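These notes concern the structure reproduced below.
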Amino acid sequence: MSEITYRDALNLALKEEMRRDPSVVVWGEDVALYEGSFKVSRGLLAEFGGERVLDTPISENTIVGVAVGAAMGGVRPVAELMTVNFALLAMDQIIDHMTKIRYMFGGQVNLPMVIRAPGGGGSQLAAQHSQSLETFFMHAPGMHVAYPATPADAKGLLKTAIRDNNPVMFLEHELLYNSKGEVPDDPEFLVPFGKCDVKREGKDVTIVAYARMTVLALQAADELAKENIACEVVDLRTLAPLDAETFVVSVKKTGRAVVVEECWRTCGLGAEIATRIYDGCFDLLRAPVRRVSGLDVPMPYSRKLEKLCIPQVADIVAAVKETLAAKY
Amino acid sequence: MKETSLRAILPDHELVRMYEQMVLCREFEESCAEQYTKGHITGFLHLYSGQEAVAVGSTHALHKDDFILSAYREHAQAIVRGAEPRRVMAELFGKATGICKGKGGSMHLFDPELAFMGGYAIVGGQFPIAVGLAFASKFRKEGRIAACFFGDGAVNQGTFHESLNWARLWELPVLFVCENNAYGIGTSVERSSALADIHKRTCGYDIPSVRVDGMDVMAVHAAVKWGAEWVREQSRPYLIEALTYRFRGHSMADPGKYRAAAEVELWKSRDPLPAFAIRLIEEGIVTQAELGAIKQEAIAVVQQAVTFAEESPWPEDGAVWEDVYV
Ligand SMILES: Cc1ncc(C[n+]2csc(CCOP(=O)(O)OP(=O)(O)O)c2C)c(N)n1
Ligand SMILES: [Mg+2]
Chain A
6 MSEITYRDAL
16 NLALKEEMRR
26 DPSVVVWGED
36 VALYEGSFKV
46 SRGLLAEFGG
56 ERVLDTPISE
66 NTIVGVAVGA
76 AMGGVRPVAE
86 LMTVNFALLA
96 MDQIIDHMTK
106 IRYMFGGQVN
116 LPMVIRAPGG
126 GGSQLAAQHS
136 QSLETFFMHA
146 PGMHVAYPAT
156 PADAKGLLKT
166 AIRDNNPVMF
176 LEHELLYNSK
186 GEVPDDPEFL
196 VPFGKCDVKR
206 EGKDVTIVAY
216 ARMTVLALQA
226 ADELAKENIA
236 CEVVDLRTLA
246 PLDAETFVVS
256 VKKTGRAVVV
266 EECWRTCGLG
276 AEIATRIYDG
286 CFDLLRAPVR
296 RVSGLDVPMP
306 YSRKLEKLCI
316 PQVADIVAAV
326 KETLAAKY
Chain V
2 MKETSLRAIL
12 PDHELVRMYE
22 QMVLCREFEE
32 SCAEQYTKGH
42 ITGFLHLYSG
52 QEAVAVGSTH
62 ALHKDDFILS
72 AYREHAQAIV
82 RGAEPRRVMA
92 ELFGKATGIC
102 KGKGGSMHLF
112 DPELAFMGGY
122 AIVGGQFPIA
132 VGLAFASKFR
142 KEGRIAACFF
152 GDGAVNQGTF
162 HESLNWARLW
172 ELPVLFVCEN
182 NAYGIGTSVE
192 RSSALADIHK
202 RTCGYDIPSV
212 RVDGMDVMAV
222 HAAVKWGAEW
232 VREQSRPYLI
242 EALTYRFRGH
252 SMADPGKYRA
262 AAEVELWKSR
272 DPLPAFAIRL
282 IEEGIVTQAE
292 LGAIKQEAIA
302 VVQQAVTFAE
312 ESPWPEDGAV
322 WEDVYV
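Those protein sequence lines, which keep their order, are chains A and V. Heads up, the first sequence is in the working numbering, so the first residue is 6 and it goes up one at a time. Heads up, the second sequence is in the working numbering, so the first residue is 2 and it goes up one at a time.
If you want it as structure tokens, here you go:
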């Protein structure tokens, strides 16, 4: 075990997988010489050279499309989108091509590729640079979607993503890059897809979250513990495949659930999770499922307004208390 | 070749005004850097220092109601077009008195009264919008053109190529102005474009183009003057590539280590401000003392802008729900 940052955990995952498998290549805007705008690809060019670590033009749709072609041709590309916001320019290759090719060609071809994309809000980057688009990817069948909350999960999930023979959308939270945690050194340490992680056990209420929202949920759980409220925090880790079983089992125990999502509430992933909970244990619920969500507005720049748009620890605490107060 | 005298091109007061604006923009940007360091300005901050000749030379060659669009390095474009420095600064502080009520920030300035139709942070996002504005002008027979500013990195987006083709096909009055500052973040033009001569990339769309020294405000002015009138008369697109340089990193977060010190120094020796000042003095349009006064005035305006921004109120919480829909 070593205590390292989320950024370094991702960097290590890339290096280990590139050492293990010579068909893994990395490309994206400013990933090679500049070592990534968030420095996740630090040292890659030096170690693996310009044949495997490549800078691209600012052409997102083509960054993804070329990865699709390369994957079809036997390479394992890890393509970085500088931020997830620019995935919107690549939605054609992501949704129209990457997620459909295997199915529409009758399963004759696999696309073992990863798209890495940092995202989320909270740094006053305004409407075009602060988006939480996770639901957009979850919505489309044909790709896996991972979104780690801790350095250990970041490393283990990225390694699994690179070894996966399905296309993977690998989301990273910009505000987590500097967060630290214990990470196994074992190069065979993998975190499976489709398995939630119960990050904290508790009997009173289940909080379902992912990525930075998990970190906030754990802080909220700490605060609530002071008032003798025991929260169980379930971290999704992968949004697709979605492990409903784990959170449904938890809600069966607690009878109450709060879902925390950074994305817009309308048609956000919280709606899907609430539905899965209703499907799985409606009869055992003691209160309606509550959602703590991003506000349904484009992100404002002003930090005073921005704060209102992103779930805060206090919002989670309040939602848990409201859930507990509900009498049905 | 002997240079034409400045006076033969523009009246004294306009030449002086251009210089004043270049100095104001430089002071404004340097003050922004300071306010960012103090934590008053947050988010991304991309400064324009070094590129002033492009915004000033271009804006003075356009009609006041011609549309201007730009990317996220657009404070100077907005200010030269007439945006009040204090309201731009307030925007950067996220205050309610900002030009976009604090909702846009540094990358998203906008003022339709000035026909300043926005700063866009998605590289290449402004191209089709410029084409659409040109369409509106032609459709409504307004005689306005759309001047679309963008970086060297933006020319590899599909929207650039699609918009060039479209503007030519529909015969729309768009003036494309590439501010080639040699880098898109840490990647040089040579490392991102198969054909580094950006102006030549219009060949495939039958659009004429020219390359100009973007450190020379009068060269930019001449090119834009000619180009804008051609675009207006022909109702067809034209492209100008201005060779320029940003003196700072890509944004405040970028130390800019990918550029050799000698390269930066070479470009700084071509700083468009002193270069223009020397010509103004040589031709007796301003005195050394007046140059000093211009700088003092710019510093004062910027200081007032900072004070205004500091003293302005934050937006009300309720503002978060406003402006989503009409
Ligand atoms: C679609 C998109 N991709 C990537 C980015 C990240 N990004 C911001 S600025 C930039 C470089 C743009 O360079 P250039 O067009 O030359 O403009 P300059 O910054 O030099 O003025 C990049 C890659 C973005 N904002 N939008
Ligand atoms: Mg550039």
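Ideal Cβ placement from N, Cα and C applies to all residues, glycine included. Note that the structure is predicted; figures quoted are calculated from it, not measured.
Determine the chain A residues that contact residue 122(V) at a beta-carbon separation under 9 Å, and present them in chain order. 90, 130, 131, 132, 133, 134, listed in chain order.
Residues in the segment 55 to 73 of chain A with C-beta within 7 Å of chain V's C-beta atoms, listed in sequence order? Of all residues in the segment 55 to 73 of chain A, 60, 62, 63, 64, 66 have a Cβ within less than 7 Å of some Cβ in chain V.
Just to confirm my understanding: we take residue 288(V), look at its own chain, exclude 5 residues before and 5 after, and list those with CB closer than 8 Å. What are they? 282, listed in sequence order.
Could you check how far apart the C-beta atoms of residue 252(A) and residue 213(A) are, in whole angstroms? I think they sit under 8 Å. Rounded, the Cβ-Cβ distance is 5 Å, consistent with contact.
Proximity winner among 164(V), 202(V), 111(V), 253(V), relative to residue 30(V) (alpha-carbon distances): If we check each option's Cα against that of residue 30(V), 253(V) comes out closest.
Using C-beta distances below 6 Å, list every residue in its chain close to residue 261(A), excluding the 5 sequence neighbours before and after it, in chain order. 210, 291, 292, 328.
Status (buried if at least 16 other CB within 10 Å, exposed otherwise) for residue 333(A): Result: exposed.
Can you tell me which residues form a DSSP beta bridge with residue 149(A)? Under the DSSP definition of a beta bridge, residue 149(A) partners with 173(A).
Mind the definition here: the segment 27 to 46 of chain V touches the segment 67 to 81 of chain V only if three or more C-beta pairs lie below 8 Å; say whether that holds. In this structure the segment 27 to 46 of chain V lies against the segment 67 to 81 of chain V, because at least three pairs of beta carbons, one per stretch, are closer than 8 Å.
Below 6 Å, is the gap between the Cβ of residue 184(V) and the nearest heavy atom of ligand 2? Shortest gap from the CB of residue 184(V) to any heavy atom of ligand 2: under 6 Å.
Per DSSP, residue 108(A) is paired with what? Paired residues: none, contrary to the question.
DSSP state of residue 177(V) mapped onto helix, strand, coil: Correct three-state label for residue 177(V): strand.
Report buried or exposed for residue 304(V), applying the criterion of at least 16 other Cβ atoms within 10 angstroms of its Cβ. Around the beta carbon of residue 304(V), fewer than 16 other beta carbons lie within 10 angstroms, which makes this residue exposed.
Suppose the cutoff is 6 Å on Cβ atoms and the five residues either side in sequence are ignored; what does the same chain contact list for residue 142(A) look like? 150, 174.
Could you tell me whether any Cβ in chain V is nearer than 7 Å to the Cβ of residue 28(A)? No, no contact with chain V.
By the DSSP assignment, the beta strand (DSSP E) with residue 59(V) in it spans what residues? Note, residue 59(V): premise wrong, no beta strand (DSSP E); alpha helix (DSSP H) at 53 to 62.
If you follow the beta strand (DSSP E) that residue 18(V) is part of, which residue opens it and which one closes it? Looking at the DSSP string, residue 18(V) is not in any beta strand (DSSP E); the run it does join, the alpha helix (DSSP H), is 13 to 38.
Using a beta-carbon distance below 7 Å, is residue 47(A) in contact with chain V? Output row for residue 47(A): interface = no.
Which same chain residues end up closer than 6 Å to residue 200(A) when comparing Cβ atoms and leaving out the 5 residues on each side of it in sequence? 248.
By the three-class DSSP mapping on this structure, what secondary structure does residue 94(A) have? Helix at residue 94(A).
May I have a chain-ordered list of the beta strand (DSSP E) segments no shorter than 3 residues that lie completely inside the segment 93 to 152 of chain V? The segment 93 to 152 of chain V contains these whole beta strand (DSSP E) runs: 117 to 120, 147 to 152.
Kindly examine ligand 1 and report whether one of its heavy atoms sits closer than 6 Å to the Cβ of residue 45(V). Checking the Cβ of residue 45(V) against ligand 1 gives no.
For residue 2(V), which residues from the same chain have a beta carbon less than 7 Å from its beta carbon, with the 5 sequence-adjacent residues on both sides left out? In this predicted model, residue 2(V) has a pLDDT of only 47, less than 50, meaning its place in the structure is not dependable enough to derive any value.
Any chain A beta carbon closer than 7 Å to residue 325(V): Residue 325(V) counts as touching chain A.
For residue 119(A) versus residue 98(A), is the C-beta spacing smaller than 7 Å? At a Cβ-Cβ threshold of 7 Å, residue 119(A) and residue 98(A) do not count as neighbours.
Alpha carbon to alpha carbon, how far is residue 88(V) from residue 3(A)? Give it in angstroms, no decimals. The displayed coordinates of chain A run from 6 to 333. Any statement about residue 3(A) would go beyond what the structure contains.
Under 9 Å (Cβ pairs) to chain A, residues found in the segment 239 to 250 of chain V: Close to chain A, meaning a Cβ-Cβ distance shorter than 9 Å, is no residue of the segment 239 to 250 of chain V at all.
Contact under 7 Å by Cβ, residue 324(A) with residue 297(A): The Cβ atoms of residue 324(A) and residue 297(A) lie closer than 7 Å to each other.
Just by C-beta distance, which residues in the segment 304 to 325 of chain V are closer than 8 Å to chain A? Flagged, chain order: 315, 316, 318, 320, 321, 322, 325.
Using a threshold of 7 Å, state whether the C-beta atoms of residue 86(A) and residue 122(A) are closer than that. Less than 7 Å divides the Cβ of residue 86(A) from the Cβ of residue 122(A).
Measuring CB atoms only, is the segment 145 to 153 of chain V touching the segment 163 to 179 of chain V, in the sense that at least three cross pairs come out at less than 8 Å? A contact exists between the segment 145 to 153 of chain V and the segment 163 to 179 of chain V.
Pull up the DSSP beta-bridge partners for residue 244(V), would you. DSSP output for residue 244(V) lists 181(V), 214(V) as bridge partner(s).
Are there three or more Cβ pairs, one per stretch, closer than 8 Å when the segment 16 to 34 of chain A is compared with the segment 55 to 67 of chain A? Here the segment 16 to 34 of chain A makes contact with the segment 55 to 67 of chain A; the two share three or more CB pairs at distances below 8 Å.
Just curious, the alpha helix (DSSP H) that residue 325(A) is in, first and last residue? In the DSSP assignment, residue 325(A) falls within the unbroken alpha helix (DSSP H) covering 318 to 330.
So, using beta-carbon positions, are residue 174(V) and residue 270(V) closer together than 7 Å? Result no, Cβ atoms of residue 174(V) and residue 270(V) do not sit closer than 7 Å.
So for residue 2(V), helix, strand or coil by DSSP? Note on residue 2(V): pLDDT 47, under 50, position unreliable in the model; no value is reported.
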